[in-house]
Amino acid sequence: MPHLTAPADARRTAGGEQLGFGVPGYAHPLLAPAEWAELARPGTPLHWAVLNIADGPGSRPDPHCLEAAGRLRNARERALHGEAPDDTVRASGGRLLGHLDLAWGERPFEELIADARSFIDWYRIGGFYLARCPAERAELPAVRRLTGTLHALLAESDSADDGGRLVLGLGTHPHPGYAEAADQLVTFRGPWTDYRWSQVAEWTADYPPERFAHFVHGVPRTHLEEAMRIARWQGAGTIFFTDRNLRNDRDERSGQSDPFAALPSYWDEIVSRIGPGISE
């Protein structure tokens with residue numbers, strides 16, 4: 184059993200709270216059609232998925248991405264307005280988030296806002312994933328300025344219900360002030376060999392599981408249950424686990440080496456372990 188430091192409030196979630204998927208960003212829909220189709224399949228417990236064309240929205244609307252975005256948006260509408268959803272968490276359906284690369288705080292504010300406007304205008308996204316987000320206290324005011332502006336843009340659009348959703352792609356536990364800068368924090372992104380011995384920051388006990396996400400690659404099928412137990416114990420409500428590895432699973436068609444760019448081999452099994460989403 185891994186050595187963990189878990190907040191007391193996380194322990195109350197260890198009995199089977201409603202986990203769901205966050206997808207950091209699949210390959211282009213032409214290269215990963217099965218992956219994008221799975222996101223819109225009824226019953227998939229999807230919280231959100233990231234659309235990333237070229238480290239952002241690209242230079243012009245992509246027809247294949249427009250189609251994939253439309254399918255996911257329609258699936259969300261069916262989930263929201265379906266009859267007798269299984270529970271309120273899954274009833275929200277999956278949001279599509281636009282990928283904004285903060286480059287650890289190096290990208291100019293104006294460039295990020297321009298990309299955000301393109302995502303909203305072209306793809307009618309329901310929020311943003313702020314990749315490579317800095318985690319230090321010194322960068323917090325700039326991140327707060329950005330997230331405040333993004334929330335305002337989403338509130339003005341007709342594509343984001345409930346004011347949209349902002350997720351900080353940190354990959355580690357940041358300064359506690361970041362918890363108030365966005366709706367959700369990715370506090371782990373890395374290999375299973377690190378995750379199984381990971382520890383959680385004590386300040387996370389002040390927040391519910393839906394405020395945290397964990398992305399883990401290289402998780403063997405035989406350790407799925409253990410990985411899910413760690414996520415629950417550490418108080419993460421959104422996960423993406425895959426058996427793909429950073430160095431060994433290069434996609435020959437696209438040159439992609441991102442282990443999260445495709446479905447894990449045990450996708451159906453992990454969906455069944457979490458449980459069905461909205462039944463139609």
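Residues in the sequence shown are numbered from 184 upward in steps of one, following this note's numbering. Glycine residues also receive a C-beta, built at the ideal position from the N, C-alpha and C atoms.
Assuming contact is defined by CB atoms lying nearer than 8 Å, are residue i and residue j in contact in what I supplied?
| i | j | result |
| --- | --- | --- |
| tryptophan 375 | glutamate 221 | no |
| alanine 314 | leucine 283 | yes |
| phenylalanine 395 | threonine 405 | no |
| alanine 217 | leucine 368 | no |
| glycine 208 | asparagine 235 | yes |
| leucine 202 | isoleucine 457 | yes |
| glycine 310 | leucine 329 | no |
| glutamate 393 | glycine 420 | yes |
| arginine 300 | arginine 278 | no |
| alanine 444 | phenylalanine 424 | no |
Pop quiz: residue i and residue j are said to be a contact at Cβ under 8 Å. What is the actual Cβ separation, rounded to whole angstroms?
| i | j | result |
| --- | --- | --- |
| leucine 336 | isoleucine 303 | 6 Å |
| leucine 323 | alanine 384 | The Cβ separation is near 15 Å, so there is no contact. |
Using DSSP's beta-bridge definition, name the partner residues of residue i.
| i | result |
| --- | --- |
| glutamine 367 | Val350 |
| glycine 310 | Arg348 |
| leucine 280 | Val233 |
| glycine 373 | Val399 |
Kindly list the residues whose CB is nearer than 6 Å to the CB of residue i, restricted to its own chain and excluding five residues on each side of it in sequence; keep chain order.
| i | result |
| --- | --- |
| arginine 307 | Ser342 |
| leucine 213 | His247 |
| leucine 285 | Leu313, Arg315, Cys316 |
| arginine 372 | Gly354, Phe398 |
Near residue i, which residues of its chain fall below 8 Å by C-beta distance, leaving aside the five closest residues on each side in sequence?
| i | result |
| --- | --- |
| serine 428 | Residue identity differs from the one stated: residue 428 is asparagine in this sequence, not serine. Pro374, His400, Gly401, Pro442. |
| glutamate 408 | Arg456 |
| asparagine 257 | Ala223 |
Say yes only if the C-beta of residue i is nearer than 7 Å to one or more non-hydrogen atoms of the ligand NAP, and no if none qualify.
| i | result |
| --- | --- |
| proline 216 | Within the structure as shown, the ligand NAP is missing, as the structure has no ligands at all. |
Which same chain residues end up closer than 7 Å to residue i when comparing Cβ atoms and leaving out the 5 residues on each side of it in sequence?
| i | result |
| --- | --- |
| proline 244 | Trp305 |
| glycine 288 | Pro317, Glu322, Ala325 |
Report task. List in chain order: all unbroken alpha helix (DSSP H) runs of 4+ residues lying wholly within the region 378-424. Result -> 407-416
Query raised in the report: Fully enclosed by the region 202-253, which alpha helix (DSSP H) runs are 4 residues long or longer?
Result: 216-222
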